[in-house]
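Each remark here refers to the structure printed beneath this line.
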Amino acid sequence: MIGIIYDNAYLEHKPPRSHIENPSRIMTIIKSISGTVTMEKPINDVNEWLLKVHDEDYVRRIDEACDMGYVFIDADTYVSPGTCKAARLAVGAVLKGVDKVLSGEWGTAYAVVRPPGHHVGRSGRALMAPTQGFCIFNNVVVGAVYALEHGFNKVVILDVDVHHGNGTQEIFYEDPRVLYVSLHQDPLTIYPGTGFIDDVGEGEGEGFNVNVPLPPFTADDAYMNALDRVVWPIIEEFRPQLILVSLGFDAHMLDSIANLRLSLNTYAYVFRRLRNMIGKVRGVVFVLEGGYNSDTLSRGSRLLIDIMSNRDVEIDEGVTQTEPRIMARVNSVIKDVINTQRNYWHLA
Ligand SMILES: [Zn+2]
């Protein structure tokens with residue numbers, strides 16, 4: 001069983017002027033899936049959990065910004081009067097999703113939330129990134145902490161957003177209970193400029209951080225190869241009890257914010273693989289991160305619900321092929337990732 005978690009409060013996080021991260025992103029998703037799936041409201045009171053992840057000073061700074069009206073807290077990231085409620089309920093949606101999976105009521109939850117979260121560290125900007133990249137609170141991280149304190153001790157965060165989740169990496173870098181795996185566009189070519197192969201975690205967390213930085217123009221065939229050779233084997237060896245997915249649709253070829261060339265076939269592949277893990281894992285909680293093409297957001301979300309509900313789907317996009325020159329670079333990245341991660345995992 002799959003359900004979504006959503007609240008109209010997410011529409012009240014509004015940019016002061018035209019901005020790519022705006023309420024229409026999520027309106028288009030809800031319009032395309034409402035009526036097809038059970039919908040629940042997020043958990044309301046999240047302050048206790050928020051403060052297990054973010055510094056009190058940071059949360060206070062955000063609350064003060066909300067009181068000021070419409071302000072930019074950095075060059076990319078805005079706060080509006082409705083932001084503080086929306087951002088708390090975005091966290092609350094992930095907590096509700098974890099609850100639903102923990103209770104066995106749902107196998108899959110989809111938190112259709114904004115503002116997004118994976119770029120925020122404990123106290124705002126993470127790993128020296130120039131901005132918070134539209135993010136206020138790290139929704140998926142608070143969800144993972146919530147799961148850890150509710151009986152889970154092995155949680156995967158799989159991040160398929162086109163950008164590296166620098167906030168998520170920073171927060172769990174020394175924590176072996178959370179395996180963070182991110183596929184993203186090469187940080188030398190895109191915000192936030194982090195997510196290199198050598199970042200493997202530190203201290204007890206060494207070996208529990210996996211970055212797969214892919215060159216611009218990587219298409220379906222190469223991306224799926226990276227999943228098959230690195231991502232699925234490591235996740236399976238880790239044997240998680242719960243999988244959280246930082247679900248960005250901005251790696252799709254129609255998204256103008258980045259340069260990967262994925263079609264919905266890759267997303268469908270990810271959804272199917274995760275669906276087939278349910279049983280071995282208690283469940284999967286998808287958390288919306290980026291994605292700025294309305295058609296991709298709505299079709300991708302429908303695809304997610306159909307696949308996780310075991311319905312047949314037809315994808316009206318062909319599988320994209322990576323040019324030979326780019327493919328050679330992807331293969332060399334995969335080789336480097338395997339050589340690095342072989343210190344911790346059995347990789348062929
Ligand atoms: Zn993104």
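Per full-length UniProt numbering, the very first residue in the sequence shown carries number 1; after that it's consecutive.
Ideal placement from N, C-alpha and C gives every residue a C-beta, glycine not left out.
Following a CB-centred definition, is valine 112 positioned closer than 6 Å to any heavy atom of ligand 1?
What you label residue 112 is simply residue 112 of the sequence shown in a count that begins at 1. No, the Cβ of valine 112 stays beyond 6 Å of every heavy atom of ligand 1.
Buried or exposed for isoleucine 315, please, with buried defined as at least 16 other CB atoms from any protein chain shown within 10 angstroms of its CB.
For the purposes of this step, residue 315 is identified with residue 315 of the sequence shown, where counting begins at 1. A residue is called buried once 16 or more other Cβ atoms fall within 10 Å of its Cβ, and isoleucine 315, having fewer, is exposed.
Name the residue from Arg17, Gln341, Leu214, Tyr146 whose alpha carbon lies nearest to the alpha carbon of threonine 77.
If you number the sequence shown from 1, residue 77 lands on position 77. Comparing alpha carbon positions, the residue from Arg17, Gln341, Leu214, Tyr146 closest to threonine 77 is Arg17.
For the segment 195-228, which segments carrying the beta strand (DSSP E) assignment without a break, of at least 3 residues, lie completely within its bounds, in sequence order?
Secondary structure remark: continuous beta strand (DSSP E) runs of at least 3 residues inside the segment 195-228, in chain order: 209-214.
Beta-carbon separation of threonine 194 and leucine 242 under 7 Å?
Here residue 194 refers to the residue found at position 194 of the sequence shown. Here residue 242 refers to the residue found at position 242 of the sequence shown. With respect to leucine 242, threonine 194 sits apart: the two C-beta atoms are not nearer than 7 Å.
Can you look up aspartate 304 in the DSSP assignment and give me helix, strand or coil?
Reading the sequence shown from its first residue, position 304 is the one you call residue 304. Contrary to the premise, residue 304 reads as leucine rather than aspartate in this sequence. Leucine 304 falls in the helix class under three-state DSSP.
Proximity to asparagine 211 [Cα-Cα], best of Ala222, Leu183, Gly203
Counting from one through the sequence shown, the residue named residue 211 turns up at place 211. Comparing C-alpha distances from asparagine 211 to each of Ala222, Leu183, Gly203 shows the shortest one belongs to Leu183.
Would the C-beta of valine 155 count as close to ligand 1, meaning under 6 Å from any of its heavy atoms?
What you label residue 155 is simply residue 155 of the sequence shown in a count that begins at 1. Result no, Cβ not under 6 Å from ligand 1.
Exposed or buried, lysine 31, counting other C-beta atoms within 10 Å across all chains shown (16 or more means buried)?
Against the sequence shown, residue 31 aligns to sequence position 31. By the neighbour-count rule (16 or more Cβ atoms within 10 Å), lysine 31 is not buried but exposed.
At a cut-off of 6 Å, is histidine 163 close to ligand 1 when judged by its beta-carbon and the heavy atoms of the ligand?
Counting from 1 along the sequence shown, the entry for residue 163 is found at position 163. Histidine 163 Cβ: within cutoff of ligand 1.
Taking 6 Å as the cut-off, is the C-beta of glycine 248 nearer than that to any heavy atom in ligand 1?
To locate residue 248, count along the sequence shown from 1; it is residue 248. Yes, Cβ of glycine 248 sits closer than 6 Å to a heavy atom of ligand 1.
From the DSSP output, which residues share a beta bridge with isoleucine 243?
Counting from one through the sequence shown, the residue named residue 243 turns up at place 243. According to DSSP, isoleucine 243 bridges with Val156, Val284.
Does at least one heavy atom of ligand 1 sit under 6 Å from the Cβ of glycine 300?
In the sequence shown, residue 300 corresponds to position 300, counting from 1. Not so, every heavy atom of ligand 1 lies at least 6 Å from the Cβ.
Check whether the Cβ atoms of valine 181 and valine 231 sit closer than 7 Å, and answer yes or no.
Taking the first residue of the sequence shown as 1, we reach residue 181 at position 181. Taking the first residue of the sequence shown as 1, we reach residue 231 at position 231. Yes. Within cutoff.
Give the list of continuous beta strand (DSSP E) stretches no shorter than 3 residues that lie fully inside the segment 82-135.
108-111, all fully within the segment 82-135.
Continuous beta strand (DSSP E) stretch holding glutamine 185: start and end:
For the purposes of this step, residue 185 is taken as residue 185 along the sequence shown, with counting starting at 1. Taken as a continuous stretch (DSSP letters only), the beta strand (DSSP E) holding glutamine 185 covers 178-185.
7 Å CB neighbourhood of lysine 280 in its chain, flanking five on each side removed
On the sequence shown, residue 280 is found 280 positions in, with the first residue counted as 1. The answer is none, since no qualifying residue turns up.
Report, in whole angstroms, the separation of the C-beta atoms of residue 373 and leucine 247, which I expect to be a contact under 8 Å.
Past the edges of the chain, shown from 1 to 348, lies residue 373, and the structure says nothing about it.
Taking contact to mean 3 or more Cβ pairs, one atom from each stretch, closer than 8 Å, check whether the segment 94-113 and the segment 218-227 are in contact.
These segments do not touch.
Is any heavy atom of ligand 1 found at a distance shorter than 6 Å from the C-beta of glycine 290?
The sequence position of residue 290 within the sequence shown is 290, counting from 1. Yes.
So is alanine 9 buried or exposed if we call it buried at 16+ other beta carbons inside 10 Å?
Locating residue 9 in the sequence shown gives position 9, where the first residue counts as 1. With 16 or more other Cβ atoms within 10 Å, it is buried.
For the candidate residues Leu188, Ile234, Phe286, whose alpha-carbon lies nearest to that of glycine 3?
By one-based count along the sequence shown, residue 3 stands at place 3. Ranked by how close their Cα comes to the Cα of glycine 3, the residues Leu188, Ile234, Phe286 have Phe286 in first place.
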